[in-house]
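A.B. asks:
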Amino acid sequence: MLKSQKNPSLPSQIKNLPTKIGVYLFQDHVGKILYVGKALKLRPRVSSYFTDRSHLGPLLPKFLSEIKKITYFVVESEVEALLLEANLIKKYQPFYNSQSKDDKSFLYIKITKEDYSHVAVDRLPKNPVQRKQKEKTAYYFGPYPSAKTVKRTLKRLRRIFPYCSARKIPSKPCFYYGIGLCLGPCGNFVSKNEYRTMINHLKLLLSGKKTKLLRELERDMQAKSKEKQYETAAMLRDQINQIKFLTSAYHLPEEYLKFPELVLDQHLKESGELREILKPYFPKLDEVKKIEAFDISNLGGRLATGSMVVFVDGETEKNAYRHFRIRLKKDKPDDPAMMYEVITRRLKHTEWDFPQLILVDGGKSQVAASLKALKGAKTDIPLVGLAKREERLILKDYHHSFVTVKLPADSKALNLLLRLRDESHRFAISYHKKLRLRDFFDKVK
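In this note's numbering, each residue carries its 1-based index in the sequence shown increased by 572.
1) Rounded to the nearest angstrom, how far is the Cβ of Ala653 from that of Gly594, given a contact under 8 angstroms?
2) DSSP three-state call for Val701: helix, strand or coil?
3) On the DSSP letters alone, give me the boundaries of the alpha helix (DSSP H) that Tyr607 sits inside.
4) Of the residues His839, Lys950, Gly752, Val608, which one's Cα is nearest the Cα of Ile661?
5) Do Leu606 and Tyr644 come within 8 angstroms of each other at the CB atom, strictly closer than that value?
6) Got a sec? Which residues, its chain only, sit under 8 angstroms from Lys841 by beta carbon, not counting five neighbours each side?
7) So the alpha helix (DSSP H) Thr916 belongs to, where does it begin and stop?
8) Helix or strand or just coil, what does DSSP make of Asp952?
9) Where Arg847 and Lys936 are concerned, what is the direct C-alpha to C-alpha distance, given to the nearest angstrom?
10) Using beta-carbon positions only, say whether Val939 and Lys968 come within less than 8 angstroms of one another.
11) By alpha-carbon positions, which one of Leu679, Glu650, Lys663, Asp858 ends up nearest to Leu729?
12) Tell me whether Lys888 sits in a helix, a strand or coil according to DSSP, three-state version.
13) If you count every other CB in all the chains shown that lies within 10 Å of the CB of Leu785, and 16 or more means buried, which is it?
14) Give the straight-line distance between the Cα atoms of Arg731 and His601, rounded to the nearest whole angstrom.
15) Residues bridged to Glu864 by DSSP?
16) On the CB-based measure, 16 or more other CB atoms within 10 Å of its CB, does Phe747 come out buried or exposed?
17) Who are Tyr712's beta bridge partners in DSSP?
18) Please identify the residue among His690, Val722, Thr721, Val762 whose C-alpha is closest to the C-alpha of Arg739.
19) Near Phe598, which residues of its chain fall below 6 angstroms by C-beta distance, leaving aside the five closest residues on each side in sequence?
20) Verify whether the separation of the beta carbon atoms of Val762 and Leu726 is less than 8 angstroms.
21) Nearest to Lys682 by CA position, among Ser779, Asp792, Ile815, Pro616, is which residue?
22) Should the segment 993-1004 be called in touch with the segment 876-883, which here means at least 3 C-beta pairs below 8 angstroms?
23) Going along the chain, which residues of its own chain have a beta-carbon closer than 6 angstroms to the beta-carbon of Ala611, five neighbours each way excluded?
24) Under 8 angstroms between the Cβ atoms of Tyr680 and Phe635?
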């Protein structure tokens, strides 16, 4: 979403800024870009330049006097903001971005040129000879101005591409292998070819070649499915969905600048399309403003947890997220029974506003168990399941018959539901990992 502020008064431009996540550009009287930055909330961040005098030291008064126009982009995620900021800095090389580094070079994501590449954050020297020397031993992606955000982004990418971060491969399984964030070159748990393939996928994403990457992964997924390697195919499907979620609505800087029609509110379009799809099955569904999504995570029935994530107008409402430590004791996984427990416990919290729609991760058995919980609470909130294979919606219509709704791959409604499903899965897994670690340390005491 591109917006260019044309008001002559800077205070009025700042006042009109949204409080959403985005990237901002300060420009002079002829439109030259002076500085590029990103913010989780645009208005407070931009206004801080004019209230906090610690940003650029002695250059600040001159810098502020040159700013005549503010252009900004509203984006959907912190990752998108980071990638867009890096692209714009690389493209325009604004003077005050380099000055704000206090003679430090920008940060890059480094992937070493080895059989078992390690991934890290590094700096490239400004000296071209020294720079060329470093580039002989590793690939560098960037630049990124902030250490904190690039490390946080790598942390998210590691959930999709579990790379090795050790400079020297240890002989025993590392901590990250134990929590699923390393494929396991330590201990020879992964072949060189498998690891190299994963690293090549990460390089494609960092290079902005998302379409090529997704095409490769989808081809591999279909091949594994034909070979009846369903577990591997499911892992590839989850990886595809995670990549789509992480980089949703990512556009190159040129696209933002050339196509102002990107200003359309995608979230409202997604919610509107979803309502139209579900309306024939739920006649009372007049709007889809608030959606709650539920997922179950367990280890062979042990340490079972449920997650509830909340989207309002297509955006995360993280203060409403909840974890449920499942009380049901089972020797084997029983996702429907666990889902029944989680939905039942949620519905008892009448102080939490009920949603217009509930989404559960799973097929008929999970949907049936969840509907049983709704019936027990004497409520008729519309509820659908998102089946893992082929991304189908499972629901019961007002005739109490199961219905399968196949959504097209380019559906805006599907994009919204996948974001919800993947966020609930991420939230459940994150809590489950904490429980596993706690359980591990309790055993070694």
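Quick reminder that beta carbons are idealized off the backbone N, C-alpha and C, glycines included.
Just so we're clear, the structure is a prediction, and the values are computed from it rather than from any experiment.
C.D. replies: Straight from the coordinates:
1) Under the criterion of beta carbons closer than 8 angstroms, Ala653 and Gly594 qualify as touching, at roughly 6 angstroms.
2) Helix at Val701.
3) Premise fails: Tyr607 lies in the beta strand (DSSP E), 605-611, not in any alpha helix (DSSP H).
4) Closest by C-alpha distance to Ile661, out of His839, Lys950, Gly752, Val608, is Val608.
5) The Cβ-Cβ distance between Tyr644 and Leu606 does not fall below 8 angstroms.
6) Correct list, in chain order: Lys984.
7) From DSSP, the alpha helix (DSSP H) with Thr916 extends over 907-919.
8) Looking at Asp952 - three-state DSSP - the assignment turns out to be coil, as it is neither helix nor strand.
9) For the pair Arg847 and Lys936, the Cα-to-Cα distance works out to about 21 angstroms.
10) Their beta carbons are under 8 angstroms apart, which means Val939 touches Lys968 by this criterion.
11) Closest option to Leu729, Cα to Cα, is Glu650.
12) Note on identity: in this sequence residue 888 is Thr, with Lys being the wrong assignment. In the displayed model, Thr888 falls within a strand according to three-state DSSP.
13) With a threshold of 16 other beta carbon atoms within 10 Å, Leu785 meets it and is buried.
14) The C-alpha of Arg731 lies about 44 angstroms from the C-alpha of His601.
15) BP columns for Glu864 point to Val882, Ile930.
16) Exposed.
17) Beta-bridge pairing links Tyr712 to Lys682.
18) Minimum Cα distance to Arg739 is reached at His690.
19) The beta carbon of Phe598 sits closer than 6 angstroms to the beta carbons of Leu606, Tyr607, Ile639 from its chain, once the five residues preceding and following it are set aside; these are given in chain order.
20) At least 8 angstroms separates the beta-carbon of Val762 from that of Leu726.
21) Nearest in C-alpha terms to Lys682, of all of Ser779, Asp792, Ile815, Pro616, is Ser779.
22) Cβ pair count under 8 angstroms is three or more, so yes.
23) Same-chain partners within the cutoff: Arg617.
24) Taking the C-beta atoms as reference points, Phe635 is found no nearer than 8 angstroms to Tyr680.
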